[in-house]
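A short write-up of the structure that comes next.
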Amino acid sequence: LTHGEAISIGMAFAAKISYKIKNITEFEYNKIVGHLKIIGLPHHDKRINSNKIYKLMQSDKKNTEEKINLVLLKKIGQAYFERGLDKERIKKLLN
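Take 359 as the starting number for the sequence shown in the working numbering and just add one per residue.
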């Protein structure tokens, strides 16, 4: 994957998690993924499962200690920083 493709997939995962925790609607989630598709950017990669995503997330500079920090959506155009998500919560949200 290129860096841009990884960013695109990360944006789609952030939208998916935001949808699963009911911050955004299914319509909003589909709108985000639809825009990525329209401009030719990936929104997923079949080679990447939740274990692999978690390992990649661990190396992100936003993280502290053993916890994952993510930028999620309150709504389209309004993001916030979610701190301290553990491995099991992340895996549950990604599946």
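Glycine included, C-beta positions come from ideal geometry on N, C-alpha and C.
Residue pairing from DSSP places Glu440 in a beta bridge opposite Leu428. Listed in chain order, the non-local C-beta contacts of Glu363 below 6 Å within the same chain comprise Pro400, local neighbours out to five positions each way being set aside. Comparing C-alpha distances from Leu451 to each of Lys433, Tyr377 and Asn388 shows the shortest one belongs to Tyr377.
Gly368 is the residue among Thr383, Ile382, Asp418 and Gly368 whose C-alpha sits nearest the C-alpha of Leu394. Burial is judged here by how many other beta carbons sit within 10 angstroms of a residue's own beta carbon; Phe385 has fewer than 16 and is exposed.
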